[in-house]
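Numbering (the numbering used here), first residue to last: 700 to 1096. No residue lacks a Cβ here, since even glycine has one placed at the ideal position from N, Cα and C. Take a look at the structure set out below.
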């Protein structure tokens, strides 16, 4: 599934959460995900309600915390997130989002990243926003997030550093680092918060894709100005004809140690899969066929990665067509605690339920048991899900 963030009035962390909940992610699942964070019980709460922003109905998600604002640094935030039971994908993207914030703050204040102490964005409500956004994208099965140009405005805001011009310096740094296109906003005030900008920088590609829409989630901001203070999350399938390409190149003169980093960069650029195939090249030399599968609109991006990161002088591109099963992620209880399962559906019926291996390995390490035992317990939990009746409450992908 792909998604597109339509930003007529900007973005903040709570607006992002509102979009996800309005798109069909149950608030209870958001609360369950956040409950795995190692913070005191009762230190945060979430509430969702339907509101009107101008003539538009939207979901407003409010985050309330009881802790005093803590000036956490990046290490503090990383340790807090790594101490959760969230899927590894969620942890990695949440930590990377805060790393972007730390880099932006370091540039603004002229200090090393490790000396940066977050103020507003290190508070628990910001951590809830970032972790919740990553968990929601993972739960909904969003593989690629696109976004519209970002509306920016003018004015002033109060912060822990004193009065700051708008857009906030951290917001501008984050958007600049992401190469985000901007447009004039609908009015004065803070339209995009640093948290919203960090989420865009981490997850979004700033183009509008061809889509087959399946549902829309509309999130509301806390303020109710003269214009509809909302963002809209469009969910659907890639609408491009022949929506995927296979990009490949033959290489026989590159240090094999470099293939791991090349693969990582291809995945980071949006490749759905990357693989290496041993081949025999001219003069009998052994070589490697480097291949990547990606949405067609990322063809130029991935070709550029291959040309820059390898010794090749050219790449080949083939259009491919895929038949896909519907997929969703669901948490199932086991003797070792809740474990995330990837469900495969055909005609609405669950035909397979596979555990997330990284999560099984983490739980096994924590409990000092074989990974096989945790994996088999998760498989058994998946068998019970396969016998449950089809659900019509959520669109699957």
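Query, Result
"Beta strand (DSSP E) runs contained entirely in the segment 988 to 1074, provided each spans 3 or more residues", "1015 to 1019, 1025 to 1031, 1038 to 1045, 1048 to 1054"
"Beta-carbon spacing of residue 832, residue 716 below 8 Å", "yes"
"At least 3 beta-carbon pairs within less than 8 Å: the segment 783 to 799 vs the segment 1052 to 1062", "yes"
"Integer Cβ distance of residue 1118 from residue 952, believed to fall under 8 Å", "Any question about residue 1118 goes unanswered here, given that the chain covers just 700 to 1096."
"Secondary structure of residue 889, DSSP reduced to three states", "coil"
"C-alpha gap between residue 960 and residue 1016, whole angstroms", "21 Å"
"Alpha-carbon to alpha-carbon, residue 1041 and residue 646", "Residue coverage of the chain in this structure runs from 700 to 1096, which leaves residue 646 outside it and unanswerable."
"Inside the segment 785 to 871 only - alpha helix (DSSP H) runs reaching at least 4 residues", "787 to 808, 823 to 839"
"Alpha carbon of residue 775 to alpha carbon of residue 871, nearest angstrom", "24 Å"
"Option nearest residue 924 by Cα separation, candidates 709, 979, 916", "709"
"Nearest candidate by alpha-carbon position, reference residue 1084, set 974, 936, 804, 1050", "1050"
"Contact belief for residue 968 with residue 997 at Cβ below 8 Å, rounded distance in angstroms", "7 Å"
"Pairwise C-alpha distance: residue 735 and residue 862", "35 Å"
"Inter-residue Cα distance where the pair is residue 817 and residue 796", "13 Å"
"Per DSSP, the bridge partner or partners of residue 950", "987"
"Inter-residue CB distance, residue 1069 and residue 1063 (contact presumed, cutoff 8 Å)", "6 Å"
"Beta strand (DSSP E) segments (min. 3 residues) lying fully within the segment 710 to 781", "743 to 752, 755 to 764"
"Per DSSP, the bridge partner or partners of residue 936", "911"
"Where residue 903 sits in the DSSP three-state scheme", "strand"
"Where residue 963 sits in the DSSP three-state scheme", "helix"
"Same chain only: Cβ atoms within 6 Å of residue 896, ignoring 5 sequence neighbours per side", "870, 873, 874"
"Endpoints, beta strand (DSSP E) assigned at residue 704", "701 to 705"
"Straight-line Cα distance separating residue 1080 from residue 1038", "9 Å"
"Any 3 or more C-beta pairs closer than 8 Å across the segment 986 to 996 and the segment 962 to 976", "yes"
"Nearest-angstrom Cα separation, counted from residue 948 out to residue 978", "11 Å"
"C-alpha gap between residue 744 and residue 1071, whole angstroms", "36 Å"
"7 Å CB neighbourhood of residue 942 in its chain, flanking five on each side removed", "994, 995"
"DSSP three-state assignment for residue 924, whether helix, strand or coil", "coil"
"Which listed residue (803, 812, 753, 823) has its alpha carbon closest to that of residue 761", "823"
"Residue 957: first and last residue of the uninterrupted beta strand (DSSP E) it sits in", "It is not in any beta strand (DSSP E) - residue 957 carries neither H nor E in the DSSP assignment."
"Check whether residue 773 and residue 793 have beta carbons under 8 Å apart", "no"
"Straight-line Cα distance separating residue 882 from residue 848", "6 Å"
"Identity of the residues DSSP links to residue 918 by a beta bridge", "758, 930"
"Alpha carbon of residue 719 to alpha carbon of residue 712, nearest angstrom", "11 Å"
"In DSSP terms, what residue 975 is bridged to", "989"
"Alpha-carbon to alpha-carbon, residue 955 and residue 740", "49 Å"
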